[in-house]
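Numbering (numbering that gives the first Met the number 0), first residue to last: 0 to 69.
Every residue gets a Cβ at the ideal spot worked out from N, C-alpha and C, and that includes glycine.
Predicted, not measured: the structure shown is a model, and the values here were computed from it.
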Amino acid sequence: MHKYTVGDVVRTRKTHPCGGDLWEVIRTGVDFRIKCLKCGRVLLLPRPKFEKAVKTVVQQGTQSPPEQLS
Numbered sequence: 000m001h002k003y004t005v006g007d008v009v010r011t012r013k014t015h016p017c018g019g020d021l022w023e024v025i026r027t028g029v030d031f032r033i034k035c036l037k038c039g040r041v042l043l044l045p046r047p048k049f050e051k052a053v054k055t056v057v058q059q060g061t062q063s064p065p066e067q068l069s
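See the structure below:
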């Protein structure tokens with residue numbers, strides 16, 4: 000299982016109706032908010048559907064993990 004972070008660019012198994020298959024992860028958690036890099040459409044997908052749709056991670060995001068509280 001891959002840990003997805005905000006800012007990751009992923010390639011999906013199916014193409015979007017606009018013809019694009021690259022998406023940027025905007026939000027992670029129980030649901031994933033992703034943005035099509037070709038047309039700018041934003042989708043909200045449940046985690047299982049998102050993980051099944053992703054083929055590969057093209058580019059890793061730059062967000063660092065949250066700081067631990069002492």
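Own chain partners of residue i with C-beta closer than 8 Å, once the 5 adjacent residues on each side are dropped
i     : result
Cys38 : His15, Cys17 and Gly19
Beta-carbon proximity check, residue i vs residue j, cutoff 9 Å
i     : j     : result
Val53 : Val9  : yes
Gly60 : Val29 : no
Thr4  : Thr27 : yes
Val56 : His1  : yes
N-terminal and C-terminal residue of the alpha helix (DSSP H) that residue i is part of
i     : result
Arg46 : Arg46 to Ala52
Residues near residue i by beta carbon distance below 7 Å, same chain, minus five either side
i     : result
Cys35 : His15, Cys17, Gly19 and Trp22
Cutoff 6 Å; reference residue i; Cβ partners in own chain excluding five residues on either side
i     : result
Phe49 : Phe31
Leu44 : Phe31
Ile33 : Trp22, Val24 and Leu42
Lys51 : none
Per DSSP, cross-strand counterpart(s) of residue i
i     : result
Cys35 : Trp22
Thr4  : For Thr4, which the question treats as bridged, DSSP gives no partner whatsoever.
Residue span of the beta strand (DSSP E) that contains residue i, given as start and end
i     : result
Thr11 : Val8 to Thr11
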